[in-house]
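Student: Right, I'll just put the structure down here and ask away after.
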Amino acid sequence: MEQPPDLVEPVLAWYDVHARDLPWRRPEASPWSVVVSEFMLQQTPVARVLPVHEAWLERWPAPAALAAAPTGEAVRAWGRLGYPRRALRLHAAATAMVEQHGGEVPRDREALLALPGVGDYTAAAVASFAFGQRHVVLDTNVRRVHTRVLGGAEFPGPSVTRAERDRAAALLPADEATAATWSVAVMELGALVCTAADPSCPRCPVAEHCAWLRAGRPPHAGPPRRAQAWAGTDRQCRGRLLGVLRDADGPVHRQRLEAAWDDDVQRERCLAALVADGLAVATSGATYALPG
DNA sequence: TAGCCGTGGAG
DNA sequence: TCTCCAAGGCT
Numbered sequence: 001m002e003q004p005p006d007l008v009e010p011v012l013a014w015y016d017v018h019a020r021d022l023p024w025r026r027p028e029a030s031p032w033s034v035v036v037s038e039f040m041l042q043q044t045p046v047a048r049v050l051p052v053h054e055a056w057l058e059r060w061p062a063p064a065a066l067a068a069a070p071t072g073e074a075v076r077a078w079g080r081l082g083y084p085r086r087a088l089r090l091h092a093a094a095t096a097m098v099e100q101h102g103g104e105v106p107r108d109r110e111a112l113l114a115l116p117g118v119g120d121y122t123a124a125a126v127a128s129f130a131f132g133q134r135h136v137v138l139d140t141n142v143r144r145v146h147t148r149v150l151g152g153a154e155f156p157g158p159s160v161t162r163a164e165r166d167r168a169a170a171l172l173p174a175d176e177a178t179a180a181t182w183s184v185a186v187m188e189l190g191a192l193v194c195t196a197a198d199p200s201c202p203r204c205p206v207a208e209h210c211a212w213l214r215a216g217r218p219p220h221a222g223p224p225r226r227a228q229a230w231a232g233t234d235r236q237c238r239g240r241l242l243g244v245l246r247d248a249d250g251p252v253h254r255q256r257l258e259a260a261w262d263d264d265v266q267r268e269r270c271l272a273a274l275v276a277d278g279l280a281v282a283t284s285g286a287t288y289a290l291p292g
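In terms of UniProt numbering, the first sequence opens at residue 1 and continues consecutively.
Put into structure tokens, the structure is as follows:
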């Protein structure tokens, strides 16, 4: 498979002009700053991550600082970013960096992959964006751009396929630093131009090469992507309960939690799950709190 | 692997 | 109002 020579240059040129000035992208940003940003950005929009990321870096400027803090403080400082287990995983990752990597963010992709909360995407992203390495970085933005420009379809399938990964690898520039910039540039293109709901093809630097646009932007043909139920789910219940603990200074009485959710069975199930997950602890027979 | 895990802004 | 979904990971 040969590299189509016309994609890299236009995308890099576009990125040079339109890239957002994000804290974790600045030259002085530490690898730790990149790690914190990648955890927070997992399924959470940039706009909501920005203030929390800044607060975290101020409070915990290095892995050792976070590792020394109680996990409950990490959960509290996570605020309303969602998926609070990410805060626990980031704390655990910081601990692993202290215990196994001298307090530094490991540079090796395999070592990154071994950290809690770091999967294939995050390992490649940190290795690329913090250390300038050459890796296939496949997130939802990149997958969407590749699917449209090269695949001619509106949306990628539910999971990454081997063919998709091979295609991404074939597109990756040979030079290490160029590859790293290419990866972040394609992500940015997906985030700002080739968006899911409202792509603005007139502003796209590779519109003339886009198979999907050329085909008349045909709508998604595959199985409908199942909408995630929300009202009345355990997720909503857990969020409600954890919100009570997060917004309290100290332990809260059961009554406060009971007032937050009507269904007794579901509330008790979720409370037990939060404790099992390490997001909450029973501080007495009748009180709960974030873990100390 | 499919289901689960939060939250709130945008259209 | 309601649906969609935003730089995933884990089991």
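Quick reminder that beta carbons are idealized off the backbone N, C-alpha and C, glycines included.
If contacts are defined as beta-carbon pairs under 8 Å, then T71 and G243 qualify, I think. What distance do you get, rounded to the angstrom?
Tutor: Between G243 and T71 the Cβ distance is about 17 Å, and since that is not below 8 Å, they are no contact.
Student: What ranges does the alpha helix (DSSP H) occupy inside the stretch 191-231, keeping only unbroken runs of at least 4 residues that lie completely in it?
Tutor: Here the runs fully enclosed are 211-214.
Student: How would you call G190, buried or exposed, if buried means at least 16 neighbouring beta carbons within 10 angstroms?
Tutor: G190 should be labelled buried.
Student: From P61 to Q133, what distance separates their C-alpha atoms?
Tutor: P61 and Q133: Cα-Cα distance of roughly 23 Å.
Student: Would you list the residues sitting across from Y288 in a DSSP beta bridge?
Tutor: Bridge partners of Y288: V252 and A282.
Student: Under three-state DSSP, which class holds G82?
Tutor: Residue state, collapsed to three classes: coil.
Student: Alpha carbon to alpha carbon, how far is R217 from M1? Give it in angstroms, no decimals.
Tutor: The pLDDT assigned to M1 is 46, lower than 50, so where the model puts this residue is not dependable, and the model offers no usable value.
Student: Could you tell me the alpha carbon to alpha carbon distance between R203 and C194, rounded to whole angstroms?
Tutor: Taking the straight line from one Cα to the other gives about 9 Å.
Student: Going by alpha carbons, who is nearest to A207 out of A125, E38, G152 and A96?
Tutor: The option with the nearest alpha carbon to A207 is G152.
Student: Would a C-beta distance cut-off of 7 Å place L290 and L245 closer than the cut-off?
Tutor: Yes, Cβ-Cβ distance for L290 and L245 is below 7 Å.
Student: Give me, in chain order, the residues of the same chain whose beta-carbon lies closer than 8 Å to that of R86; leave out the 5 immediate sequence neighbours on both sides.
Tutor: Closer than 8 Å at the Cβ level, and outside the excluded window around R86, lie F39, M40, Q42, W78 and G117.
Student: Quick one: grab the DSSP three-state call for V8.
Tutor: V8: helix per DSSP, three-state reduction.
Student: Let's test the definition: count the other Cβ atoms within 10 Å of the Cβ of D21 and tell me whether it reaches 16, buried, or not, exposed.
Tutor: With fewer than 16 other Cβ atoms within 10 Å, it is exposed.
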